[in-house]
Amino acid sequence: MSGIEVIGLISAIIGIIDGASKLYKAIENTSHLPPAFREVAQRLPLVKDILQTTETRLQKYPADTSTYTAIQPTAESCKDGAERLRTILEDLAAQPNASRVERYRLAIRRLGKESKVEELMKRMLEDVQLLAANQAVKAVGEEKIEELIAAVKDLERVPPSVPDGPRFTHNGIGDQFNNTSRGTQNINTGEGQQYVAGSMNFSK
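For the sequence shown, position 112 matches number 112 in the UniProt record's numbering, and the numbering has no gaps at all.
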């Protein structure tokens with residue numbers, strides 16, 4: 001990939017981040033929106049700032065082909081994370097306020113926990129750190145790198161936007177039986193005895 005293509009890729013990520021920021025503003029007052037969304041939105045400007053600095057640096061001081069080849073996968077990974085985040089926010093913004101959080105939970109169950117908004121942001125922060133810290137690029141100083149590292153650590157302390165593992169709620173009357181494994185579940189709610197086996201023989 002040429003320098004122009006890499007710079008274009010970085011520019012595209014900046015545009016995606018701008019779109020994600022606007023989409024968050026459209027849903028920020030959603031009832032019961034997990035705090036992770038706010039934490040992610042607060043870090044979008046940091047990612048954008050470092051990408052803009054990197055873009056300007058590469059435009060002013062073009063690197064050699066090997067450098068562009070080295071940073072291309074990282075830039076593509078960052079773009080993928082940004083696109084996934086924007087897609088999630090777009091999906092939520094298109095839903096009525098009352099159904100957004102449940103819609104998000106269903107999406108994460110389908111896409112996997114790596115698609116949680118906080119996980120996507122951590123990935124983007126780590127990617128821009130690698131881009132900016134590249135020895136040939138040197139887009140930012142140690143202070144910004146430390147800020148990126150701190151941002152990742154802060155996100156790790158944020159409660160997950162969707163709890164890991166299954167969660168069951170029962171507000172009605174009667175028993176609730178949940179089997180989250182593949183094994184057989186045997187239930188006896190009556191007063192008599194229960195026998196469980198492959199085959200049984202009884203004699204009096």
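Glycine residues also receive a C-beta, built at the ideal position from the N, C-alpha and C atoms.
Taking the straight line between their C-alpha atoms, what separation do you get for residue i and residue j?
i: Val158; j: Arg109; result: 19 Å
i: Gln42; j: Arg86; result: 15 Å
i: Ile4; j: Ser11; result: 10 Å
i: Lys153; j: Glu39; result: 12 Å
i: Tyr68; j: Ile88; result: 30 Å
i: Ile125; j: Leu131; result: It is worth fixing the name first, because residue 125 is Leu in this sequence and not Ile. Computed Cα separation, rounded: 10 Å.
i: Leu149; j: Asn97; result: It should be noted that the sequence gives Ile, not Leu, for residue 149. Answer to the nearest angstrom: the Cα atoms are 34 Å apart.
i: Val137; j: Ile14; result: 18 Å
i: Pro34; j: Val101; result: 8 Å
i: Thr53; j: Glu147; result: 15 Å
i: Ala63; j: Leu9; result: 15 Å
i: Thr30; j: Leu92; result: 10 Å
i: Arg103; j: Gln95; result: 8 Å
i: residue 206; j: Gln72; result: This structure cannot speak to residue 206, because the chain is shown only from 1 to 204.
i: Ser2; j: Ser99; result: 44 Å
i: Glu156; j: Leu23; result: 23 Å
i: Leu134; j: Thr65; result: The question names Leu, but residue 134 is Asn in the sequence shown. C-alpha separation (whole angstroms): 14 Å.
i: Lys25; j: Ala70; result: 35 Å
Residue i lies in the alpha helix (DSSP H); which residues open and close that run?
i: Lys138; result: Neither: Lys138 is in no alpha helix (DSSP H) and is coded neither H nor E.
i: Pro35; result: Pro35 to Lys60
i: Tyr3; result: For clarity, residue 3 is Gly in the given sequence; the question names Tyr instead. Unbroken alpha helix (DSSP H) run through Gly3: Gly3 to Ile27.
i: Lys113; result: From DSSP, Lys113 is part of no alpha helix (DSSP H); its letter is neither H nor E.
Mapping the DSSP letters down to three states, classify residue i as helix, strand or coil.
i: Met124; result: helix
i: Arg157; result: coil
i: Gln95; result: coil
i: Val101; result: helix
i: Thr87; result: helix
i: Ser77; result: helix
i: Ala63; result: coil
i: Val152; result: helix
i: Ala69; result: Going by the sequence as given, residue 69 is Thr instead of Ala. Helix at Thr69.
Which residues in the same chain as residue i place their Cβ atom closer than 6 Å to its Cβ, once the five residues preceding and following it in sequence are excluded?
i: Leu36; result: Reading off the sequence shown, one finds Ala at residue 36, where the question assumed Leu. Around Ala36: Val117, Glu118, Val158 and Ser161.
i: Asp127; result: Thr74, Ser77 and Cys78
i: His32; result: Val101
i: Lys60; result: none
Shorter than 7 Å, the distance from the beta carbon of residue i to the closest heavy atom of the ligand FAD, or not?
i: Pro163; result: Looking for the ligand FAD in the displayed structure turns up nothing, as the structure carries no ligands at all.
Output needed for residue i: all residues of its chain with C-beta closer than 7 Å, excluding positions within five of it in sequence on either side, in chain order.
i: Arg105; result: Val162
i: Arg84; result: Ser115 and Leu120
i: Ala20; result: Leu44, Ala82, Leu85, Arg86 and Leu89
i: Val47; result: Ile17, Met124, Leu125 and Val128
i: Val140; result: Ile50, Thr53 and Ala132
If I measure Cβ to Cβ from residue i and keep anything under 8 Å in the same chain, skipping five residues before and after, which residues do I get?
i: Asn171; result: Note that Asn171 scores 45 on pLDDT, short of 50, meaning its location in the model is unreliable; the coordinates nonetheless yield the value given after this. Excluding residues within five positions, none has a Cβ falling inside 8 Å.
i: Arg57; result: Val137, Lys138 and Ala139
i: Glu55; result: Ile7, Ile10, Ser11 and Ile14
Please check the pair residue i and residue j, which I expect to be a contact at CB under 8 Å, by giving their CB distance rounded to whole angstroms.
i: Ile27; j: Lys144; result: Wrong, their Cβ atoms sit about 29 Å apart, outside the cutoff.
i: Lys113; j: Asp164; result: 6 Å
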